[in-house]
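Chains as they are written, first to last, in my numbering: chain A, -11 to 410; chain B, 900 to 1161.
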């Protein structure tokens, strides 16, 4: 900018102290702050990127696999496994597996329906039985591939070196197993979804209802003020405390309800209160204060003029709330609920206390099933000494993140449909 | 409330020693004014003298803020609006209100009008009601092709007329207007004033205004309010508008309407 001509008498005007304008210094200060804020943003982005890279680093990379049964011994007519026909592979399974195990596989999906690739996979899992003897991170795999090959050749001469993506479609659709190479997270995904379903069913209506009462009906007396303050405090209670509460209430006291005994639906595998329902209700308790607070904020943000317009037409309180307050508060309420549900999906501690199972291979099928969830799996896999389970955990984290993002995205779409109205 | 008898008094509304309190503070004291049927009654006075508070007492809107109470009576067709057996919902159904700032619902123009009728169980054809209300509010020609658009997309003056049409849709007997034109430009203001002249054929109108010319132009009777020595607002003079503006009895009224003070 071209400077203006300096104004006369910059320091004194009519004997009075004049203004120390100094625009340049004010602009400098502004610039310094802008850089501070920019730096904060950059730090945040770096932290997020580091997190993602760290997970990626473990989720992909070279692994040395050793076969329990050398595939070379399984050739038929000189053909290696990879070149055998589906019928030959099925025959191989029939001869090598016990009759019971073979029939079980056939019952799950009949061999006629299975593809050749699937049968080959079953052969690899059940007969060849690869075991991971060593894993390398993505970074090492990309930068020091030659060294890895050398190490693998000297230390594990019988092992096969493969670049593995631990996150595969099979990983997502397979039930849990004790081998890192064959394990999956289907049980955990379904467990998480079931749990979160009951969390939403429990916490959303109660939370919104309580918020409506506190904002629209409750008078401003000491009791209601105390309730409001305490709801704020409850939102800050550590989640493990809710776990203990859930254990006492839902698992123990309400066992007839949460185990399904009342409905005559006791799952033969559980027969106690450590069920999907108990977990969902516990997480519901955990997020209830968050939903209430956010819904209260959203309801308070509805302009008073709207309520007056409605009352002025002779609407009752309920008509005003139903037709004007709730529709206008709904986007805000949903935003708060999204935040709350995101928190619930990632919770581990309360579920450990409530009694999530760590090793189950069957899907939850009712509210009264035993269950495990994604964060529980991550927790227990990272706690294992074998390095390959860290890779499994990293892949599970990716699954959890994707699930979280897609749930949030659907909630955002729902919210936008509400707010687009007018 | 029972239906009005055949021999109706000329006064739709009447206050008897009305006082209005916010907590312990008496905002309005001993007001005795009658509101005549099918006339426009203006309430004027300086800021903070309790004009809007008095207006809101006519349809019990004051009750929506906590800590307000009244003394005295407000008679509507001879019955006390503040009798314990009277439901404020019915009061507001029969005595409608238009607010200072246009506040259409964030819904379509059609819905803005239909909603009020619907909650009161309107049995007739809704399209016809919406059209007739918009015509009465002199808005039909401007919006007939965009009834499904948001009420908030209209201009300020149109929004205020939409609010008037909305109030008409529940067919009130009295319409209270709280500075309905203070947020509007002179042309929109003029439209509202013309509209009031049309509406008074069928409705009784009470209007609060800051604008002296507006009161002089548009109203039949005027109540002049002023703060008394206890800092409560009270009506110091109530008369035909013409007399208030040409031949006021009270010195303070004269000072105010001639612009010497206030």
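Note that CB positions come from ideal geometry on N, CA and C, so glycine has one too. Treat the numbers as computed from the prediction; the structure is a model and nothing was measured.
Residue i Cβ short of 6 Å to the ligand FMN heavy atom set
i: residue 311 of chain A; result: The ligand FMN is not among the ligands present in this structure, which contains no ligands whatsoever.
Identity of the residue in the options nearest residue i by Cα
i: residue 389 of chain A; options: A:40, A:6, A:24 and A:30; result: A:40
i: residue 1180 of chain B; options: B:1128, B:1116 and B:986; result: Past the edges of chain B, shown from 900 to 1161, lies residue 1180 of chain B, and the structure says nothing about it.
i: residue 335 of chain A; options: A:81, A:273 and A:189; result: A:273
i: residue 1077 of chain B; options: B:1109, B:1096, B:1068 and B:1128; result: B:1109
i: residue 173 of chain A; options: A:385, A:159 and A:180; result: A:159
i: residue 871 of chain B; options: B:1042, B:1070 and B:970; result: This structure does not reach residue 871 of chain B, given that chain B is present from 900 up to 1161, and the question cannot be answered.
i: residue 1028 of chain B; options: B:997, B:1069 and B:999; result: B:1069
i: residue 398 of chain A; options: A:327, A:133, A:200 and A:370; result: A:327
i: residue 361 of chain A; options: A:141, A:291, A:176 and A:341; result: A:176
i: residue 150 of chain A; options: A:52, A:22, A:219 and A:110; result: A:52
i: residue 434 of chain A; options: A:210, A:391 and A:370; result: Residue 434 of chain A is absent from the model: chain A starts at -11 and stops at 410.
i: residue 964 of chain B; options: B:922, B:939 and B:1035; result: B:922
i: residue 146 of chain A; options: A:217, A:59, A:182 and A:386; result: A:59
i: residue 62 of chain A; options: A:119, A:115 and A:393; result: A:115
i: residue 347 of chain A; options: A:353, A:290 and A:365; result: A:365
i: residue 1113 of chain B; options: B:1083, B:952 and B:1128; result: B:1083
i: residue 383 of chain A; options: A:203, A:152 and A:400; result: A:152
Cutoff 7 Å; reference residue i; Cβ partners in own chain excluding five residues on either side
i: residue 900 of chain B; result: Annotation note: pLDDT 49 at residue 900 of chain B (below 50); position unreliable, no value reported.
i: residue 113 of chain A; result: 170
i: residue 195 of chain A; result: 276, 279, 280 and 283
i: residue 956 of chain B; result: 917, 919, 969 and 973
i: residue 396 of chain A; result: 326 and 330
Cβ-Cβ distance between residue i and residue j below 7 Å
i: residue 154 of chain A; j: residue 55 of chain A; result: no
i: residue 260 of chain A; j: residue 324 of chain A; result: no
i: residue 973 of chain B; j: residue 1103 of chain B; result: no
i: residue 294 of chain A; j: residue 312 of chain A; result: yes
i: residue 1122 of chain B; j: residue 932 of chain B; result: yes
i: residue 338 of chain A; j: residue 270 of chain A; result: yes
i: residue 168 of chain A; j: residue 377 of chain A; result: yes
i: residue 941 of chain B; j: residue 1133 of chain B; result: no
i: residue 1059 of chain B; j: residue 1079 of chain B; result: yes
i: residue 1118 of chain B; j: residue 1140 of chain B; result: yes
i: residue 967 of chain B; j: residue 1007 of chain B; result: no
i: residue 1032 of chain B; j: residue 1012 of chain B; result: yes
i: residue 1124 of chain B; j: residue 948 of chain B; result: yes
i: residue 1062 of chain B; j: residue 1001 of chain B; result: yes
i: residue 359 of chain A; j: residue 264 of chain A; result: yes
i: residue 136 of chain A; j: residue 50 of chain A; result: yes
i: residue 223 of chain A; j: residue 342 of chain A; result: no
i: residue 77 of chain A; j: residue 108 of chain A; result: yes
Spatial neighbours of residue i in its chain, beta-carbon cut-off 8 Å, leaving aside the 5 residues before and after
i: residue 903 of chain B; result: The predicted position of residue 903 of chain B is uncertain, since its pLDDT is 49 and thus under 50; no value can be drawn from it.
i: residue 138 of chain A; result: none
Bridge partner(s) assigned by DSSP for residue i
i: residue 51 of chain A; result: A:123 and A:150
i: residue 1104 of chain B; result: B:939 and B:1074
i: residue 118 of chain A; result: A:55
i: residue 91 of chain A; result: In the DSSP output, where bridge partners are listed per residue, residue 91 of chain A has none listed.
i: residue 969 of chain B; result: B:919
i: residue 933 of chain B; result: B:913
i: residue 1126 of chain B; result: B:1132
i: residue 1049 of chain B; result: B:1007
For residue i, three-class secondary structure by DSSP
i: residue 1007 of chain B; result: strand
i: residue 911 of chain B; result: strand
i: residue 984 of chain B; result: coil
i: residue 221 of chain A; result: helix
i: residue 298 of chain A; result: helix
i: residue 977 of chain B; result: coil
i: residue 328 of chain A; result: helix
i: residue 46 of chain A; result: helix
i: residue 927 of chain B; result: strand
i: residue 391 of chain A; result: helix
i: residue 989 of chain B; result: helix
i: residue 995 of chain B; result: strand
i: residue 854 of chain B; result: A query on residue 854 of chain B cannot be resolved here, the shown segment of chain B reaching from 900 to 1161 and no further.
i: residue 1042 of chain B; result: helix
i: residue 67 of chain A; result: strand
Where residue i meets chain D, residues with beta-carbon distance less than 9 Å
i: residue 214 of chain A; result: Any reference to chain D falls outside this structure, whose protein chains are A and B.
Chain-order list of residues whose beta-carbon lies under 6 Å from that of residue i (same chain, five-residue window excluded)
i: residue 1161 of chain B; result: For residue 1161 of chain B, the predicted model reports a pLDDT of 49, less than 50, meaning its position is unreliable; a value from the coordinates is still stated below. 945 and 1155.
i: residue 319 of chain A; result: 403, 406 and 407
i: residue 980 of chain B; result: 973 and 990
i: residue 993 of chain B; result: 1071 and 1072
i: residue 367 of chain A; result: 336
i: residue 1150 of chain B; result: none
i: residue 82 of chain A; result: 90
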